[in-house]
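Colleague: First the structure, then my questions, so here it is.
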Amino acid sequence: MTTKPFRMDGVTVVTHPLVRHKLSIMRAKDTSTARFRDLLREISTLLCYEVTRDLPLEDYPVETPVGPTTGQRIAGKKMVFVPILRAGLGLVEGMLELVPSARVGHIGLYREPVTLDAVEYYFRAPEDVAERLCVVIDPMLATGNTAVAAIERLKERGVTNLRFVCLVASPEGLERLRGWHPDVPIWTAAVDERLNDHGYIVPGLGDAGDRLFGTR
Ligand code: URA
954 MTTKPFRMDG VTVVTHPLVR HKLSIMRAKD TSTARFRDLL REISTLLCYE VTRDLPLEDY
1014 PVETPVGPTT GQRIAGKKMV FVPILRAGLG LVEGMLELVP SARVGHIGLY REPVTLDAVE
1074 YYFRAPEDVA ERLCVVIDPM LATGNTAVAA IERLKERGVT NLRFVCLVAS PEGLERLRGW
1134 HPDVPIWTAA VDERLNDHGY IVPGLGDAGD RLFGTR
């Protein structure tokens, strides 16, 4: 894992000490499924805090017990979190804790084991998704194929306001996603060294879906 500061236009690496601490425990191969799941939820809340940092606000009148004041609320339509199934599900609960009014869309994509291409098997999003800010979430940005395909799918539905959040990214995945969708900013907790021949991130944390659901 690189500890050098990573800089790429449109990429924010969230280096908060709590995120680093929790992610390091998640990486360890003997961390249990239950602990992995809890930590992913906790980190997702911290990532959500960062990805929503610049949301526009609007003023509105508030009556306190003492008198009137001006409150502020997030302007515009409720945002949509779009987890890429299945590992993306592990980030949804923590994000909804912070933004309970958000809508949730789902996109099912798997990596074809030989070509590593993204194959879609499920898509469901709010009808008016095109009018909302969509935050696409997946713990691992590896080859970038699934992220590119998920964002393409949302753009086909007319979405223009998109962000991508992951936990661990490879330099290759970041290059690919930024290359295909330069309009979509990315937030990640770490940028690792590289991909291996199987498209896994090194050192990474293994298969995020398997570790989250205890399937291997
Ligand atoms: N998906 C994962 O779960 N882990 C990787 O390292 C790459 C893709």
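My numbering puts the sequence shown at residues 954 to 1169.
For every residue, glycine included, the Cβ atom is placed at its ideal position computed from N, Cα and C.
According to the neighbour-count rule (16 or more other Cβ atoms, all chains shown, within 10 Å of its Cβ), is N1149 buried or exposed?
Modeller: Along the sequence shown, one-based indexing puts residue 1149 at 196. Answer is exposed; the Cβ neighbour count stays below 16.
Colleague: Would A1143 and V1118 be called neighbours here (beta carbons separated by less than 7 Å)?
Modeller: Indexing the sequence shown from 1 puts residue 1143 at position 190. Indexing the sequence shown from 1 puts residue 1118 at position 165. V1118 is positioned such that its CB atom lies no closer than 7 Å to that of A1143.
Colleague: According to DSSP, simplified to helix, strand and coil, what is V1088?
Modeller: Working through the sequence shown from its first residue, we reach residue 1088 at position 135. V1088 falls in the strand class under three-state DSSP.
Colleague: Should D1160 and I1154 be called a contact, given that it needs their Cβ atoms to be closer than 7 Å?
Modeller: One-based indexing of the sequence shown puts residue 1160 at position 207. One-based indexing of the sequence shown puts residue 1154 at position 201. No, the pair does not count as a contact, with Cβ atoms beyond the cut-off.
Colleague: Within the continuous beta strand (DSSP E) that includes G1061, where are the two ends?
Modeller: Counting from 1 along the sequence shown, the entry for residue 1061 is found at position 108. Residues 1059-1064.
Colleague: Does the distance from the CB of R1085 to the CB of V1033 come in under 7 Å?
Modeller: Your numbering for residue 1085 matches position 132 in the sequence shown. Your numbering for residue 1033 matches position 80 in the sequence shown. Yes. Within cutoff.
Colleague: Can you tell me whether K975 is buried or exposed? The criterion is at least 16 other CB atoms within 10 Å of its CB, across all chains shown.
Modeller: Working through the sequence shown from its first residue, we reach residue 975 at position 22. When all chains shown are included, K975 counts as buried.
Colleague: Is the CB-CB distance between T1099 and L1044 below 7 Å?
Modeller: For the purposes of this step, residue 1099 is identified with residue 146 of the sequence shown, where counting begins at 1. For the purposes of this step, residue 1044 is identified with residue 91 of the sequence shown, where counting begins at 1. Against a cut-off of 7 Å, the Cβ pair of L1044 and T1099 comes out as no contact.
Colleague: Within 6 Å: the Cβ of I1090 and any heavy atom of the ligand URA?
Modeller: On the sequence shown, residue 1090 is found 137 positions in, with the first residue counted as 1. The answer is no for I1090.
Colleague: Given this structure, state the Cα-to-Cα distance separating L1165 from R973, to the nearest angstrom.
Modeller: Locating residue 1165 in the sequence shown gives position 212, counting from the first residue. Locating residue 973 in the sequence shown gives position 20, counting from the first residue. Going by the C-alpha atoms only, they are around 18 Å apart.
Colleague: Give me every residue whose Cβ sits closer than 5 Å to any heavy atom of the ligand URA, in chain order.
Modeller: M1093, A1095, Y1153, I1154, G1157, D1160, A1161
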